[in-house]
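So the structure is just underneath, and the comments pick up after that.
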RNA sequence: UGGGGCGUAGCCAAGUGGUAAGGCACAGGGUUUUGAUCCCUGCAUUCCCAGGUUCGAAUCCUGGCGCCCCAGCCA
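Numbering (the working numbering), first residue to last: 196 to 755.
Structure (structure tokens):
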């Protein structure tokens, strides 16, 4: 295990700030989601960073909903987001905030700006504003309203608030510099009229502040010391600082930017995730194939594994694409150590042990975790008719196949050595429907007293004791590592085989007693989780979280 | 042709003038009643390129090149 916690650049900044005595009251961060969608693994990176730094430096981290756009936001998202942050393992204590709670303060700040002659009410249309903004290479031009008297702007702004103007008729703009090389400084709009009911403030307001104005001032009001955001806001930092420098704020926060996460074989843009949900490509925000936290949770990922993932991917300003294998690795690593082992047969093939008494049954000892005796053992019932995995039998087996094949002996895990003597086929289809085998009573438990070895060990269940279950096999949602690459529409590379539902699975009987969200290793297959939504004792449903590493699959794939 | 960032292995990532950490992936070997786990071993003569400074450069200087972001009354 990797024990080198990196001193990434944010830690260095904080260390330096502390050393220089810039944070006398400790460090204070915040996670500021907009409640317009569900949180995904990319947000987890930000959450772990913000709450993580606060915890590490014994500071505080607020949860603040950045809800300044009533057209997109909704209460159902604020609830889902809180659930997800809590599930991830973080606690904002009594510091649950909403930017919308600051609307009155923000309005006052705007007045303060106008009074200083640093903001003005503009009467140009959205199109006119866009045209006068200039381009990347050409400067913008001043609005004819730019030098409107302070008193007039003040009056107009109050009347905007009072609802005297139609949507889009007027805006409040910061008076900075229309010729600035940084477009964000070309007199940005800071308030717009939007006669839309807000999910929290209702119809109290018909003017709403913009992000740039809201974010920095909210940070200042909350005494945030380190405002961590993603790289696309780097260009906004001068604006962030401009508001703070020009207003009488209770504190002086600083913004720092890091690169957002890109993960192979998925998409992490809110717009695209919404589209996947709304167009029915997935069953919902919590579909186990989704990179959302609720999706990962339903799939069976643990909060700890997500946190570990966020630790491993590092924190820099580089554009990064994280290998899908990293996520698989962290969950295998955790569950490999923690998950109790059970046997389950996903695609059953009937096996009859001819020389085993018809009505006999016995209970065999099986370890719940071979590497961790403290997890104990259990009794597994054995009888004449069993089921094994179809993949564990091959009629014309290549040399390297060391599972069951006619005439060869294998071990049934924790049970007996068996030999396949006869293959029974369906008369019409020719399909193998049953294997007739014999067992060696001396090999009870899986060891031969004469010391003979078998190369293969396979899992099994007893026909009369096993319970039926549905198992859902998940694969990556996209067939291309980067669905946005090239000209193609990202939706053309949605993997049509990302979900396979298996209905005739047979599981050890005690698995049917599991609680929803309980995780197990199905030996030789992978890690599985009792579905959070659909699990029922009468009809168990398991989701495959991830397979075990499978060298054989690799070998057999190379052969074909 | 503007501004802001970023370039160290297939993917992440340390390193800040003293001779390229670590993880993932991959390959080989050992242990094994899970083809799993675990354990070894290998995996950048070179840090985007080219010059320069220096006894010594991924680190400093100069000049190139490449990639990402910005022209919402979104965040």
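Note that beta-carbon positions come from the ideal geometry of N, C-alpha and C, so glycine has one too.
When only Cα atoms are considered, residue 561 and residue 572 end up about 5 Å apart.
Bridge pairing for residue 450: 422 [DSSP]. For residue 412, no beta strand (DSSP E) segment is defined; the enclosing uninterrupted segment is the alpha helix (DSSP H) at 406 to 416.
In terms of Cα proximity to residue 263, the closest of 410, 505, 381, 565 is 410. Separation of residue 532 and residue 328 (C-alpha to C-alpha, rounded to the nearest whole angstrom) is 58 Å.
Selection 581, 592, 643, 755 evaluated against residue 557 yields 581 as nearest (Cα-Cα). With a 10 Å radius around the Cβ and a threshold of 16 neighbouring Cβ atoms, residue 750 comes out exposed.
Contact check for residue 259 against residue 302 fails: the beta carbons are separated by 9 Å or more. When secondary structure is reduced to three states using DSSP, residue 505 falls in the helix class. Of the candidates 454, 467, 396, the residue whose Cα lies closest to the Cα of residue 513 is 454. Residue 401 sits in coil when the DSSP states are folded into three classes, being neither helix nor strand. For the pair residue 394 and residue 268, the CB atoms are nearer than the 9 Å cut-off. Across the structure, residue 611 and residue 657 are spaced so that their CA atoms are roughly 13 Å apart. DSSP places residue 515 outside both helix and strand once states are collapsed to three, so it counts as coil. With contacts defined by Cβ atoms closer than 9 Å, residue 363 and residue 321 form a contacting pair. Between residue 345 and residue 366, the beta carbon gap of about 17 Å keeps them out of contact (Cβ cut-off 8 Å).
Counting C-beta pairs with one atom in each stretch, the segment 501 to 508 and the segment 726 to 744 have fewer than three that are closer than 8 Å, which means they do not touch.
Of the other Cβ atoms in all chains shown, fewer than 16 fall within 10 Å of the Cβ of residue 628; this residue is therefore exposed.
In this structure, residue 257 sits near residue 419, with a CB-CB distance shorter than 9 Å. Check the Cα spacing between residue 733 and each of 696, 674, 663, 456: the tightest is with 663.
A residue is called buried once 16 or more other Cβ atoms fall within 10 Å of its Cβ, and residue 655 is buried on that count.
Under the Cβ criterion (8 Å, minimum of three pairs), the segment 583 to 600 counts as touching the segment 642 to 652.
Ranked by Cα distance from residue 254, the options 228, 288, 273 are led by 288. Closest in C-alpha terms to residue 515, from the list 493, 458, 552, comes 458. Only residues of its own chain outside the window of five on either side were considered, and among them 441 have a CB closer than 8 Å to the CB of residue 311, listed in chain order.
Under the three-state reduction of DSSP, residue 460 is assigned to coil, being neither helix nor strand.
Partner residues in a beta bridge of residue 488, as assigned by DSSP, do not exist. The count of Cβ pairs closer than 8 Å, one atom from the segment 269 to 289 and one from the segment 429 to 439, stays below three, leaving the stretches out of contact. Taking C-beta atoms under 8 Å as the contact rule, residue 541 and residue 700 qualify, at a distance of about 5 Å. With contacts defined as CB atoms closer than 9 Å, residue 667 and residue 694 qualify as a contacting pair. Closest in C-alpha terms to residue 568, from the list 535, 229, 545, comes 535.
Annotation: residue 645 to residue 607 spans about 17 Å, alpha carbon to alpha carbon.
Annotated as distal: residue 324 and residue 316, with beta-carbon spacing of 9 Å or more. Excluding the 5 residues flanking it on each side, residue 447 has same chain C-beta neighbours closer than 8 Å at 415, 439, in chain order.
Residue 563 is not a Cβ neighbour of residue 669, given a cutoff of 9 Å. Straight through space, the alpha carbons of residue 460 and residue 554 are spaced by roughly 51 Å.
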